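Encoded as structure tokens, the structure appears first; notes follow it.
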Amino acid sequence: MSRVMHKEEEFIMISALQHYIYCPRQCGLIHVDDVWQENLYTTRGNLLHEKVDTDTYETRGNIKTVRGLRIHSYKYGIVGRCDVVEFNNSTKENTVLPVEYKAGKPKNDFSDKIQLCAQAICLEEMLSVKIKRAEFYYAKIRRREKIEIDEELRKITSDTITAVREIVDNKKIPREEYSSKCKNCSLQQICQPKLLNRRKVENYIKGLYTP
Ligand code: SF4
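Heads up, the sequence shown stops at 210 in numbering that gives the first Met the number 0, and the numbers go up one at a time, no gaps.
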């Protein structure tokens, strides 16, 4: 990851990082070709975020809760929005805690953690603070879960930003590759992931009959 500061027109959306982890082609279709289609999973997520993204704040005791805070990092060239940021001034350190709302339950991959780590690095740059942890709120199981913003997660996040930037800057959408993720992908109709396999089989058969 280069340490040059990025211009605002070069910023990529934090959501692109999650799309990339889900499928690099999905990331390319959405962030290069501007393609988007709702499905059950995206609609559920959006409904939950509509409740959270309200640009408001409230104070309870020592904790100030800000909703829908817009965030960015010139160092990493990313931009997005936090569902919730809690500012706690009861401790010596004055902690800043990003909290991301999820409709489902914890995932096995890094995509959600990368999103939260990207939010943390934006807040660190904007507020000149160090953020050691962040939290998810999972609506399905109605539970908060802490994650550590450690060096390993920061490195994976930084590498993912570099990979997404390569797709977006070069406007090169990766090829389709059919996997179990395709059946829940909102872009399945547009992407036609089975076509490539079909083309491969057709070429193979053609090859058999071509001297
Ligand atoms: S349908 Fe499959 S290959 Fe195509 S974008 Fe979605 S997950 Fe990726």
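Cβ coordinates follow ideal geometry from the N, Cα and C atoms, glycine included. Computed from a predicted structure; not experimentally measured.
Reduced DSSP category for residue i - H, G, I as helix; E, B as strand; rest coil
i, result
"residue 71", "strand"
"residue 161", "helix"
"residue 175", "coil"
"residue 152", "helix"
"residue 140", "coil"
"residue 1", "Caution is warranted here: a pLDDT of 48 is assigned to residue 1, below 50, making its placement in the model unreliable, and no coordinate value can be reported."
"residue 23", "helix"
"residue 96", "strand"
"residue 116", "helix"
"residue 130", "coil"
"residue 88", "coil"
Cβ-based burial, residue i [other Cβ within 10 Å; buried from 16]
i, result
"residue 66", "buried"
"residue 194", "exposed"
"residue 112", "buried"
"residue 161", "exposed"
Close beta carbons around residue i, own chain, < 6 Å, minus the five adjacent residues each side
i, result
"residue 137", "101, 104"
"residue 68", "81, 84"
Alpha carbon of residue i to alpha carbon of residue j, nearest angstrom
i, j, result
"residue 170", "residue 88", "44 Å"
"residue 33", "residue 187", "15 Å"
"residue 86", "residue 115", "16 Å"
"residue 84", "residue 96", "6 Å"
"residue 153", "residue 145", "16 Å"
"residue 110", "residue 61", "31 Å"
"residue 5", "residue 73", "5 Å"
"residue 118", "residue 177", "31 Å"
"residue 142", "residue 126", "28 Å"
"residue 1", "residue 164", "In this prediction, residue 1 has a pLDDT of 48, which is less than 50 and means its spatial position is unreliable; what the coordinates show is noted afterwards. When rounded, the distance between both Cα atoms is 11 Å."
"residue 14", "residue 209", "47 Å"
"residue 192", "residue 99", "31 Å"
"residue 120", "residue 12", "14 Å"
"residue 31", "residue 157", "20 Å"
"residue 124", "residue 22", "28 Å"
Neighbourhood of residue i by C-beta distance below 7 Å, restricted to the same chain and skipping five residues each side
i, result
"residue 159", "16, 19, 20, 113"
"residue 10", "71, 76, 77, 78"
Proximity test, Cβ basis, 7 Å: residue i and chain D
i, result
"residue 32", "In the structure shown, chain D does not exist; there is a single protein chain."
Own chain, CB closer than 8 Å to residue i, minus 5 neighbours either side, in chain order
i, result
"residue 213", "With the chain covering 0 to 210 only, the question about residue 213 has no answer from this structure."
Is it the case that the segment 124–138 contacts the segment 169–184, given that we only count it when at least three CB pairs across the two stretches are under 8 Å? no
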